[in-house]
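Sequence order for the protein chains is A and B. Here the first sequence is numbered in my numbering, starting from 10 and rising by one per residue. Here the second sequence is numbered in my numbering, starting from 10 and rising by one per residue. Ideal Cβ positions, reconstructed from N, Cα and C, are used throughout, including at glycine.
Number of protein chains: 2
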Amino acid sequence: MWGVTSPTSPERPLRTDAARNRTAIVAAAQRAFAEAGLQVPFDEIARRAGVGEATVHRRFPDRASLIAAAFGDKMTAYAEAAAQALAEPDPWQGFCGYVRRVCAMQSGDRGFADLLTVTFAAVNPAVAQLEEHRGSALRDWLTIVRKAKASGGLRKDFHPDDMIVLLIANAGVVAATAATAPDAWQRHIEYMLQAFAADNSRPLPAPPAHDALLRTMRRTQSSSTP
Amino acid sequence: MWGVTSPTSPERPLRTDAARNRTAIVAAAQRAFAEAGLQVPFDEIARRAGVGEATVHRRFPDRASLIAAAFGDKMTAYAEAAAQALAEPDPWQGFCGYVRRVCAMQSGDRGFADLLTVTFAAVNPAVAQLEEHRGSALRDWLTIVRKAKASGGLRKDFHPDDMIVLLIANAGVVAATAATAPDAWQRHIEYMLQAFAADNSRPLPAPPAHDALLRTMRRTQSSSTP
DNA sequence: GCGTAAATGAAGGAACGGCTCCACTTACGG
DNA sequence: CCGTAAGTGGAGCCGTTCCTTCATTTACGC
Chain A
10 MWGVTSPTSP ERPLRTDAAR NRTAIVAAAQ RAFAEAGLQV PFDEIARRAG VGEATVHRRF
70 PDRASLIAAA FGDKMTAYAE AAAQALAEPD PWQGFCGYVR RVCAMQSGDR GFADLLTVTF
130 AAVNPAVAQL EEHRGSALRD WLTIVRKAKA SGGLRKDFHP DDMIVLLIAN AGVVAATAAT
190 APDAWQRHIE YMLQAFAADN SRPLPAPPAH DALLRTMRRT QSSSTP
Chain B
10 MWGVTSPTSP ERPLRTDAAR NRTAIVAAAQ RAFAEAGLQV PFDEIARRAG VGEATVHRRF
70 PDRASLIAAA FGDKMTAYAE AAAQALAEPD PWQGFCGYVR RVCAMQSGDR GFADLLTVTF
130 AAVNPAVAQL EEHRGSALRD WLTIVRKAKA SGGLRKDFHP DDMIVLLIAN AGVVAATAAT
190 APDAWQRHIE YMLQAFAADN SRPLPAPPAH DALLRTMRRT QSSSTP
């Protein structure tokens, strides 16, 4: 019973004032998430939107619904970035460009940084679409990796899941440094890209089981960065 | 007025029952911090120690005092690890071994992982000693880096502060994967070490200002990993 | 033993965040 | 216009966490 989740929903449309408020809430949530991460208090979002807290809860009964509404566009852009990287003529450039681009998206939006390291159970259509975009990006990523290896640019023992760990690491860096050294992530990522290059690559520990990483992303809430 | 901070303090010694409780609190805090990070609720620690919450607050008026008491030994080991790495005959092996060792310490203790990415204002002797050990490790680290560069193993454009970002990244990885893929950090670190090697190194973005990273570590609390 | 200062923890205050109730307001079809 | 269903937000409940108060218990010097 999560009510109407989109202005163009098949359900009975919202009254004009309600639709206006819904838009304001989503916009406020986008700003608040970007600045403070996915766990911003609801009352902060309500305050920014100029509505009561109850209105936020009425329109978005759980955090996942609000997150899905707030990040719909950004997740679309995320999936499109993967598709574009795939179209890049030089596969290794496509690979590097994609990694840089996604990490840059994380650095510009703390909520998005978090979002890329967490999955949601699809409790409503908006959340499901979010996860679909994630899946689409992932499928393209597998191809990006395959072609980058074939081109000789990417080391052969690179595992697609290495990107998940990279995103988690980058989310940590971005969260910690956003206020004080907002470009710190770039150097870290360039180090990683140089490590991913085929030249001079040396043996690595085995990657974690894919299942384990999926479970990692399924963690609901946890506190970690002190 | 933060009471007696060590059983061997110059102040009037604790009564035997109080000393026993203090020891139990520190032991409980070590376990709780290791499992759940630096922000474990005080009542959780009190419960584990089998004392009332008030007793914890009486002995350790603020979180920093308790953290300092709980991590005294580990910070000593941290400083010693740097000194030992310095004694290693092959400077590049010393460098790699130290990075691996410190990251392993982070992976084994979520509280310690957090601790290495945060500094505390020295409000009492125990905290001051903690920060002294951190400083000692840092001084040795500068030498480790210098010698590793001189030996030709470490790339010349490596900056000592790169380790801070690495510790932040690793803390994020460890926090996210501890429950599900506890060895995930190793592969990430090996990638980084290969990137740090002198062979085939390519240009990097400039590192952030050192001041900015110090300010980063001075952040008090923040929530980030969702 | 015993008097006393030290030590204790149950209880409670204050701040916060999620979430709900419900009396009041507003849009909008007729 | 106006009746009504939709919409709203202040007020308040519940759970959590930090921290303090204070009546009771305990260790220890004599």
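Determine, for residue i, whether the minimum Cβ-Cβ distance to residues of chain A falls below 7 Å.
i, result
"E199(B)", "yes"
"G240(B)", "The question about residue 240(B) has no answer here: the residues shown for chain B are numbered 10 through 235."
"R148(B)", "no"
"T225(B)", "yes"
"P217(B)", "yes"
"V136(B)", "no"
"S232(B)", "With a pLDDT of only 36 at S232(B), under 50, the local geometry of the prediction cannot be trusted, and no value is derived from it."
Between residue i and residue j, is the Cβ-Cβ spacing less than 7 Å?
i, j, result
"L125(B)", "M84(B)", "no"
"Q115(B)", "V65(B)", "no"
"H168(A)", "P216(A)", "yes"
"A221(A)", "A180(A)", "no"
"A90(A)", "R110(A)", "yes"
"V127(B)", "M226(B)", "yes"
"A88(B)", "A37(B)", "no"
"R164(A)", "A207(A)", "yes"
"A193(B)", "V174(A)", "yes"
Look at the alpha carbon of residue i and the alpha carbon of residue j, and state the distance between them as a whole number of angstroms.
i, j, result
"L176(B)", "R24(A)", "51 Å"
"A78(A)", "G120(B)", "34 Å"
"D171(B)", "V108(B)", "11 Å"
"A28(B)", "A63(B)", "15 Å"
"E97(B)", "I34(A)", "58 Å"
"D82(B)", "I76(A)", "42 Å"
"T152(B)", "F104(A)", "36 Å"
"D52(B)", "D166(A)", "46 Å"
"A73(A)", "A188(B)", "22 Å"
"D149(B)", "P22(B)", "36 Å"
"G161(A)", "G106(B)", "30 Å"
"P214(B)", "Q195(A)", "7 Å"
"L223(A)", "K158(A)", "24 Å"
"T32(B)", "V60(B)", "11 Å"
"H197(B)", "A45(A)", "26 Å"
"N209(B)", "Q102(A)", "18 Å"
"V13(B)", "Y200(A)", "Only weak support is given to the placement of V13(B): the predicted model assigns it a pLDDT of 35, under 50, and the question is left unresolved by the model."
"R57(A)", "A130(A)", "28 Å"
"D118(B)", "V49(B)", "13 Å"
"R40(B)", "D99(A)", "50 Å"
"D71(B)", "V132(B)", "10 Å"
For chain B, is any of its Cβ atoms less than 7 Å away from the one on residue i?
i, result
"T128(A)", "no"
"A38(A)", "no"
"D82(A)", "no"
"R211(A)", "yes"
"D208(A)", "yes"
"I177(A)", "yes"
"P70(A)", "no"
"V174(A)", "yes"
"E140(A)", "no"
So, helix, strand or coil for residue i, using DSSP?
i, result
"L163(B)", "strand"
"A131(B)", "coil"
"A206(B)", "strand"
"A190(B)", "coil"
"V108(B)", "helix"
"E97(B)", "coil"
"F80(B)", "helix"
"D170(B)", "coil"
"V35(A)", "helix"
"T14(B)", "The predicted position of T14(B) is uncertain, since its pLDDT is 36 and thus under 50; a value taken from the coordinates is nonetheless stated next. Note: T14(B) maps to coil in three-state DSSP."
"L139(B)", "helix"
"G181(B)", "helix"
"V1(B)", "Here chain B has residues from 10 to 235 only, and residue 1(B) is not among them."
"V65(A)", "helix"
"G46(B)", "coil"
"R211(B)", "coil"
"A86(A)", "helix"
At a CB-CB cut-off below 7 Å, which residues of chain A make contact with residue i?
i, result
"Q102(B)", "Within 7 Å Cβ-Cβ: nothing; Q102(B) doesn't reach chain A, min ~14 Å."
Please list, in chain order, the chain A residues whose beta carbon lies closer than 8 Å to that of residue i.
i, result
"Q244(B)", "With chain B running from 10 to 235 in the structure shown, residue 244(B) is simply not present."
Starting from residue i, find everything on chain B with Cβ-Cβ shorter than 8 Å and list it in chain order.
i, result
"L222(A)", "T186, T189, A190 and A193"
At 9 Å on the CB atoms, spell out the chain A contacts of residue i, in chain order.
i, result
"Q203(B)", "Q203, A204, N209, S210, R211 and L213"
Taking Cβ-Cβ distances shorter than 9 Å, what residues in chain B pair up with residue i?
i, result
"D171(A)", "R196, H197 and Y200"
"V111(A)", "The premise fails here: V111(A) is roughly 15 Å from chain B at the closest Cβ pair, so nothing lies under 9 Å."
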